[in-house]
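Under my numbering, the first residue of the sequence shown is numbered 3, with each subsequent residue one higher.
We treat Cβ as the ideally placed atom computed from N, Cα and C, and that holds for glycine.
Source: prediction; values computed, not measured.
Only one structure is covered here, and it is reproduced in the block below.
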Amino acid sequence: MPRSLLLAGMLLALAGCGSTPTRPEPPPAVDPVAEQIAAGDLRAAAMAYEELARKERKQRIHYQLLAARTWRDEGDFVELKRILGEIKLKKLVPAQRLEFDLLSAEYLVHEQAFEQALALLIMPDLPATERARQLELQARAESGLNRPMEAARTRLALSALLDPKDRSGNIDELMSELGKLPAASLSAELRQLPGDAPMRPYIEVMLQRQKLIPPRAALPVTAAISSDPSSAGAAYRPVQKLALLVPTRGEFAAAGEVIRDGFLATHFARKDISKVQVFDTGATRKSALDAFQKAIDAGFSHFVGPLERDQVDAVLAARKPGQAFLLLNQPEPGQLLGVDTDRFALAPENDGASAAESLIGSERRRFVVIGTEEDWSLRAVEAFRAQAEAMGASVLAATRIKSGAIDFGNELKAIQAVWVPPPPQTPTPAADPNAASAPAAEPTAPHDYGIDAVFMAVRAPDARLLVPQLKVRGLDVLPLVAAPQIFSGANPASDADLNGVSFLDAPWAHNQGVALPPRVELAEHLPSALQSPRLFAFGMDAYVLFSFREYLRMHQGSYLDGANGRLQLDPQGRVRRGLSWYRFVEGQPESQELAPARP
3 MPRSLLLAGM LLALAGCGST PTRPEPPPAV DPVAEQIAAG DLRAAAMAYE ELARKERKQR
63 IHYQLLAART WRDEGDFVEL KRILGEIKLK KLVPAQRLEF DLLSAEYLVH EQAFEQALAL
123 LIMPDLPATE RARQLELQAR AESGLNRPME AARTRLALSA LLDPKDRSGN IDELMSELGK
183 LPAASLSAEL RQLPGDAPMR PYIEVMLQRQ KLIPPRAALP VTAAISSDPS SAGAAYRPVQ
243 KLALLVPTRG EFAAAGEVIR DGFLATHFAR KDISKVQVFD TGATRKSALD AFQKAIDAGF
303 SHFVGPLERD QVDAVLAARK PGQAFLLLNQ PEPGQLLGVD TDRFALAPEN DGASAAESLI
363 GSERRRFVVI GTEEDWSLRA VEAFRAQAEA MGASVLAATR IKSGAIDFGN ELKAIQAVWV
423 PPPPQTPTPA ADPNAASAPA AEPTAPHDYG IDAVFMAVRA PDARLLVPQL KVRGLDVLPL
483 VAAPQIFSGA NPASDADLNG VSFLDAPWAH NQGVALPPRV ELAEHLPSAL QSPRLFAFGM
543 DAYVLFSFRE YLRMHQGSYL DGANGRLQLD PQGRVRRGLS WYRFVEGQPE SQELAPARP
């Protein structure tokens, strides 16, 4: 038998022995070896403790355990084993016995006797400090046994007991354990977790690091809260000063200016007393940090923005405790964020996942998807696929068309391979008036087309060429569903080719919903409300959300009716947009929910 395993058995046997010890005298108030420990001479300190154990018989066990801990801190496990073997277990009081067991378990972990260590670490109802030591040893043992998911769960429990400076290293260990698991295992684990599961954000981040889009959890929808400050009650938490960090120069200036217009229009329409100021973040990380610092110097501690992803990362790295954010973009995928970081984005992932959820909710479970090579399209399609598969549905075929092309025949072959067209119609013979009446024919079952719906993530110009080619192939008997980019503004003459296509969009962009001020009123004075309604609505909602975000996060199921539709925050602080459904009729979008699938 290997020596380490023999010793493991001896330690376990010793740990199982016991009798009622006599209560020892309290240890001295001043540690006589403190100076050596402070000087970093742990070997000398351990030897001094052992000398005290020989001299102070009434405090022998106290000093032996201190010597054992010091040998452990020194990293000398040979000496740790020796001193543990000299301790008489029958004389240990419960607190000393706990210390002995924890040190014994640490030795077993060092010797890779992981199963024996786990057996010794079954210790219910421990004080917080000892509980932290137990969990750390348990995680190391589980890792040694190649049980990464168990080790990650243990690390997660340990994090709640650690102070911030120690928590960071523990989270790194947690992520290291998750990194040992294949994507399929992580996805399966994620599907089992509710939206507020503490493990969920870590698995999501690990999937992102593997270049995958994690599916999102279902959110309850229980109660609307009023966005009117006079009737919102405790849900409304206004701030005195609010800084908007958006670009008004550089590559994203046009988007930043529209968001600014929506933000300020809502501020003035609501007649809020808070002070609002816009700070130009420019086009670089440095210019964003300069704008952030200017806002801080001006006395702001509450911020909406930045907008550009690289600037989001820069500002997050520079933030200080006490500063509150509603980010206007998601940070770079794969980053772990604190629970105090709320973010709101017009992310295509939201559109793809929402479309999948709605289709599955209408009893459709087999899909084909069509996208382009554009980044937003790829993200929407992958989010659709991830959400569909997480909910037990399937994407049977996927294809990409080249934006600007005319004939998509080759690209549509992948879809035709899984599409089952209906059989040719047999002409009904003319009835013979002299023949006896025939019995009524049995109704036939609905034809199974092999797929239940088509999802498209394409812009309007490409869609106007793509949809007729789908209709020629008979696919218009199925729901044709699209991301919001299929609608680029009222153009009935051109959009007649899109008749029958359903898509998700912000209701305010279609002069619907309860968000104020109405689009038709603003468009007279602010052309951006007419030209870029989605970005304008984004700015409107960002302003209102800031004062409600804490309540929405703490009261899962609550929502605001905003310009983008139903607005909720998930437990990780991500705003989820519940967009509305529209359908092209005579070239114009009409509000129309998806019809349920035929039985």
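Under the 8 Å Cβ criterion, the segment 310-323 does not count as touching the segment 520-528, having fewer than three qualifying pairs. In terms of Cβ geometry, Ser-496 and Arg-466 form a close pair [threshold 7 Å].
Shown here, Ile-261 sits in a helix according to DSSP, grouped into three states. Cβ atoms of Glu-101 and Ala-48 stay farther apart than 8 Å, at about 15 Å.
In this structure, Ala-293 sits near Phe-281, with a CB-CB distance shorter than 7 Å. The bridge partners DSSP lists for Gly-567 are Gly-564. Secondary structure at Arg-366: coil, using DSSP grouped into helix, strand and coil.
Taking 7 Å as the cut-off, the Cβ atoms of Ala-97 and Ile-85 do not count as close. Straight-line spacing of the CA atoms in Ala-257 and Ala-159 works out to 43 Å.
With a threshold of 16 other beta carbon atoms within 10 Å, Val-383 meets it and is buried. Lys-243 sits in a strand when the DSSP states are folded into three classes.
Per the coordinates, the alpha-carbon of Pro-520 lies some 13 Å from the alpha-carbon of Ser-530. Between Ala-455 and the set His-512, Gly-491, Ile-362, Phe-489, the nearest pair of CA atoms involves Ile-362. A distance below 8 Å between beta-carbons, with the five flanking residues on each side excluded, links Thr-156 to the following residues of its chain, in chain order: Leu-137, Gln-140, Ala-141, Glu-144. Judged by DSSP secondary structure, Asp-572 falls outside any beta strand (DSSP E); it is assigned neither H nor E. In the three-state reduction of the DSSP assignment, Leu-209 falls in the helix class.
Rounded to the nearest whole angstrom, the CA to CA distance from Glu-175 to Pro-200 is 16 Å.
Taking 7 Å as the cut-off, the beta carbon of Gln-38 is found no closer than this to the beta carbon of Ala-55.
Taken atom to atom, the span from the alpha-carbon of Gln-570 to that of Asn-148 is near 39 Å. When the beta-carbon positions are compared, Pro-150 and Gly-559 stay at least 7 Å from each other. Nearest to Ala-153 by alpha-carbon distance, out of Pro-166, Ile-173, Leu-164, is Ile-173. Contact between Arg-169 and Ser-161 holds, since their C-beta atoms are separated by about 5 Å, short of 8 Å. By alpha-carbon distance to Ala-544, the top candidate from Gln-332, Val-306, Glu-376 is Val-306. The C-beta separation of Ala-300 from Gln-313 comes to about 19 Å, leaving the pair out of contact by the 8 Å criterion.
Of the other Cβ atoms in all chains shown, fewer than 16 fall within 10 Å of the Cβ of His-449; this residue is therefore exposed. Per the Cβ contact rule, the segment 352-362 is in contact with the segment 382-399 (3 or more Cβ pairs under 8 Å).
In terms of CA proximity to Val-370, Arg-402 leads the group Asn-352, Arg-536, Arg-402. The C-alpha of Trp-510 is placed about 23 Å away from the C-alpha of Pro-308.
For Pro-426, there is no enclosing beta strand (DSSP E), as DSSP gives it neither H nor E. A straight line joining the alpha-carbon of Pro-34 with that of Gln-118 spans about 35 Å. Sequence-distant partners of Ala-255 (beyond 5 residues in either direction) whose C-beta falls short of 7 Å from its own C-beta, in its chain, are Pro-249.
Contact holds between the segment 225-238 and the segment 549-566, because three or more Cβ pairs, one in each stretch, are under 8 Å apart.
Annotated three-state conformation of Arg-579 is strand, per DSSP. Contact between Phe-586 and Gly-502 holds: CB atoms are separated by about 6 Å, below the 8 Å threshold. Taking C-alpha positions only, Asp-377 is separated from Gly-42 by approximately 55 Å. Around the Cβ of Glu-351, a 10 Å sphere holds 16 or more other Cβ atoms; the residue is buried.
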